[in-house]
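Q: This is the structure I have questions about; it appears just below.
In UniProt numbering, the protein residues as written are 1 to 266.
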């Protein structure tokens with residue numbers, strides 16, 4: 001009877017530990033997805049600022065900018081509340097400090113439409129927003145490493161496709177605006193490289209045999225070809241088309257993530 005009770009207690013402890021582990025994994029995966037979304041959101045802010053600077057009013061850019069700012073700040077609050085490990089705490093602290101002047105510069109688009117002022121602030125934003133994106137990437141890498149998530153490299157590839165599409169859209173808008181930043185095409189090329197590598201990674205996976213997965217991944221590749229063509233136009237500015245195609249890629253990337261996650265959670 002004593003042995004039976006001990007075994008029963010051990011089983012209950014194991015079950016409790018398993019439930020806690022699953023809950024932790026679920027929390028971390030959700031955080032990874034939220035962080036990935038904000039990596040895209042950062043690029044959206046760059047694009048939105050550029051659209052405002054060029055007087056493109058498509059889809060209420062002022063409202064979108066305010067919404068993007070609120071979403072990012074909400075993520076920092078959520079990460080600070082739910083994750084106490086030193087790596088996350090450090091990244092949140094660095095992010096808050098780096099974000100303050102960037103936010104102030106972004107809000108210039110809502111309060112001051114002076115061309116020179118917006119150009120100066122645009123240069124500052126582009127030069128400094130990468131420090132915020134870097135901390136998002138650091139938090140994402142930490143959570144992937146912490147949980148050693150099965151097919152984590154594939155989930156990361158789908159997230160990178162989403163972020164890369166927004167990166168290309170943002171740098172297209174900055175180039176066509178005429179922002180005098182010599183690094184714009186360097187960042188464009190890096191975005192294309194990550195985009196291509198992520199597609200290659202996902203094509204080599206077993207998921208590519210899934211018809212729905214293949215359809216969405218092929219869609220992202222089709223749009224990449226379009227981005228590489230449109231960036232060569234010197235006398236034709238099509239921000240609405242580029243924005244919409246980037247959003248379409250973002251949606252396809254989210255569907256890819258969902259298919260991968262459905263298997264991870266089984």
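Virtual Cβ for every residue (Gly too), placed ideally from N, Cα, C.
Keep in mind that this is a model prediction, so the values were computed, not measured.
Helix, strand or coil: how does DSSP classify residue 132 here?
A: Here residue 132 is taken as the residue at index 132 of the chain shown, counted from 1. Helix at residue 132.
Q: Check residue 77 in the structure and name its three-state DSSP category.
A: On the chain shown, residue 77 is found 77 positions in, with the first residue counted as 1. Helix at residue 77.
Q: Is there contact between the stretch 153-166 and the stretch 102-111, where contact requires at least three CB pairs shorter than 8 Å?
A: no
Q: Check each candidate in 172, 204, 214 and 217 and name the one with the smallest Cα separation from residue 54.
A: The count along the chain shown starts at 1 and reaches residue 54 at position 54. Comparing Cα positions, the closest option is 172.
Q: Just to confirm my understanding: we take residue 128, look at its own chain, exclude 5 residues before and 5 after, and list those with CB closer than 6 Å. What are they?
A: Here residue 128 corresponds to residue number 128 of the chain shown, with the count starting at 1. For residue 128, the CB contacts under 6 Å within the same chain, skipping 5 residues up- and downstream, are 102 in chain order.
Q: Count Cβ pairs between the stretch 74-93 and the stretch 46-63 that sit closer than 8 Å; are there 3 or more?
A: no
Q: Say yes only if the C-beta of residue 200 is nearer than 7 Å to one or more non-hydrogen atoms of the ligand GDP, and no if none qualify.
A: The ligand content of the structure shown is nil, which means the ligand GDP is not present either.
Q: Do you know offhand how far residue 71's Cα is from residue 38's?
A: For the purposes of this step, residue 71 is identified with residue 71 of the chain shown, where counting begins at 1. For the purposes of this step, residue 38 is identified with residue 38 of the chain shown, where counting begins at 1. Residue 71 and residue 38 have their alpha carbons spaced roughly 8 Å apart.
Q: Measure the beta-carbon distance from residue 153 to residue 201 and round it to whole angstroms, keeping in mind my assumption that it falls under 8 Å.
A: In the chain shown, the residue the question calls residue 153 occupies position 153. In the chain shown, the residue the question calls residue 201 occupies position 201. About 7 Å; that satisfies the 8 Å criterion.
Q: Can you say whether residue 183 is buried or exposed, counting buried as having 16 or more other CB atoms within 10 angstroms of its CB?
A: In the chain shown, the residue the question calls residue 183 occupies position 183. By the Cβ neighbour-count rule, residue 183 is exposed, with fewer than 16 other Cβ atoms within 10 Å of its own.
Q: Three Cβ pairs or more, each shorter than 8 Å: is that satisfied between the stretch 191-201 and the stretch 127-141?
A: At 8 Å Cβ cutoff, the stretches do not touch.
Q: Nearest to residue 256 by CA position, among 29, 32 and 156, is which residue?
A: Translated into positions along the chain shown, residue 256 becomes position 256. Comparing Cα positions, the closest option is 156.
Q: Taking residue 201 as part of the alpha helix (DSSP H), name the residues at either end of that continuous run.
A: Position 201 of the chain shown, counting from 1, holds the residue named residue 201. Element bounds for residue 201: 184-203.
Q: Using the beta-carbon count (16 or more within 10 Å), is residue 48 buried or exposed?
A: Looking up residue 48 in the chain shown gives position 48. Counting of Cβ neighbours within 10 angstroms places residue 48 among the buried residues, the total reaching 16 or more.
Q: Thinking just about the alpha-carbon of each residue, which of 175, 91 and 204 is nearest to the one in residue 236?
A: Counting from 1 along the chain shown, the entry for residue 236 is found at position 236. Of 175, 91 and 204, the residue nearest in Cα terms is 175.
Q: Identify whether residue 55 lies in helix, strand or coil by the three-state DSSP scheme.
A: In the chain shown, residue 55 corresponds to position 55, counting from 1. In this structure, DSSP gives residue 55 a state outside helix and strand, which the three-state scheme calls coil.
Q: Between the Cα of residue 178 and those of 123, 228, 210 and 147, spot the shortest distance and give me the residue it belongs to.
A: Residue mapping note: residue 178 aligns to position 178 of the chain shown, counting from 1. Comparing Cα positions, the closest option is 123.
Q: Is it buried or exposed, residue 148, if we count other Cβ atoms within 10 angstroms and call 16 or more buried?
A: Stepping through the chain shown from its first residue, residue 148 is reached at position 148. Answer is exposed; the Cβ neighbour count stays below 16.
Q: With 16 as the cutoff for other CB atoms within 10 Å, does residue 112 come out buried or exposed?
A: Against the chain shown, residue 112 aligns to sequence position 112. Residue 112 should be labelled exposed.
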